[in-house]
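Read in order, the letters of the sequence shown are residues 1 to 357 in the UniProt record's numbering.
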Amino acid sequence: MVSRWDRSMKRLFALAAQDLITFVLPQARFLQHASGEFVLKSDPSLPGLGLLAADTLSACSLEGETLLIHLEFQSRADNKMAHRLLMYNILADERYGSPVLSCVIYLRRCGVVATPYRRQLPNATPVYDFYFQVIKLWELPAQELLARQLPGLLPLLPLSREGRSRQVIRTMIERLQQARQFELLEVGLLLASLAWADAPASERQWLQEQIQMLTEFLQELKQTDAARALIEEGLRQGIEQGRQEGRQEGLQQGRQEGLQQGRQEGLQQGRQEGLQQGRQEGLHKARQRLLTTVSARFPHLYGLAAQVTAHLNDLDSLLLLLEQVYSAPTTEHLRALLLAQLPDSAGPPPTDNGSQP
């Protein structure tokens, strides 16, 4: 059975293959995914054989030559890991005819295998040495991951040396929101929930609150994206209809006049259909979500937030402000952001003693 750890890391690799390849071998360039499944004939004396499946196997280039990079993600000790890596390495080399770099990434503290994997005769005569990479994420400073400036490594922050820190989680959330890498954020939150499973109850409660707020935000974002798509589709349909009507009328009154009128009618109809069904709904939901979030995190700023959102009619501005509310570290920080959005015509801002009515 595939564990939540495995699913999370495979999802991360699917979203950010190049970033993880760079993490393992900085000079390598990801080309494409390669099949890491190998079906071997069953042998009663070899019950471990049959279907062998590597976690990830990728064709890459290095200095103009092709190589394969094989990654295994481990969340617990496995004393046969080195031998499995060797088997995958040989099978991949045989199938693709290229050298293979094997690397095991340990996701949480456990027993690890040593590299190289050495086989020798009873008299100490060496048979072979198999070299592979070992990465222990719990020993890696969070700052080292941040210094790489690769979005695909940010979801690994909860697994780093300082991964149990609230500030590290806030940094991960803020960086991924700023980069608008929301799918990576979902992976990072899942890895955080796994890494914090045995944290103190108060810390788990805090993390759960962050995950709940962000999950609601991501759901709202997906709905808003759907509304945007509806707006764009309405405009496209309106423009196309306008062109058709313009051509028809152009046969009677002249091509230029007909096209101009058709475009105007088409744009008007497209806006009426698309904007009415999408834009207003998106604005309403964004305002509602923003005020709900302010009420939960900074209730004393609810009145100011309500005044600001009443004057914001741009969906992108509302969504950006919503992201800032989620990541604001203090009340003073958010107050400054809200005041910067308040137009002069809005009048004096309310005092901070008003919460949600």
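Ideal placement from N, C-alpha and C gives every residue a C-beta, glycine not left out. The model shown is predicted, which means the values in this text are computed figures rather than measured ones.
Residues bridged to residue i (per DSSP)
i    : result
E323 : Its beta-bridge partners do not exist; DSSP assigns none.
Q74  : Y106
V187 : Answer is none; V187 lacks a bridge partner.
T66  : S61
Q32  : A59
A53  : E37
L101 : I69
Simplified DSSP state of residue i, which is helix, strand or coil
i    : result
T115 : coil
W5   : helix
H83  : helix
E37  : strand
F298 : coil
S61  : strand
T309 : helix
A14  : helix
Q120 : strand
L315 : helix
L25  : coil
A201 : helix
L290 : helix
T330 : coil
G282 : helix
Buried or exposed (CB count within 10 angstroms, at least 16 for buried), residue i
i    : result
P348 : exposed
V39  : exposed
Q177 : buried
Y106 : buried
E72  : buried
H33  : exposed
H70  : buried
Close-in-space but distant-in-sequence residues of the same chain around residue i (CB under 8 Å, 5 per side omitted)
i    : result
Q27  : L62 and E63
L150 : A16, D19, T22 and F23
Neighbourhood of residue i by C-beta, 6 Å cutoff - its chain only, sequence neighbours within 5 removed
i    : result
V113 : M81 and A82
E37  : A53
S102 : H70, L85, N89 and F132
Residues near residue i in its chain [Cβ-Cβ closer than 7 Å; skip 5 each side]
i    : result
A192 : P158, I169 and L207
K136 : Y106 and V112
A226 : With a pLDDT of only 49 at A226, under 50, the local geometry of the prediction cannot be trusted, and the value read off the model is given with reservation. Same-chain partners within the cutoff: there are none.
Proximity test, residue i beta-carbon vs the ligand ATP heavy atom, cut-off 7 Å
i    : result
L207 : You won't find the ligand ATP in this model; it holds no ligand whatsoever.
- Let me know the beta strand (DSSP E) ranges lying completely inside the stretch 123 to 182, each 3 residues or longer, listed in chain order. Qualifying beta strand (DSSP E) stretches, in chain order: 126 to 130 and 133 to 136.
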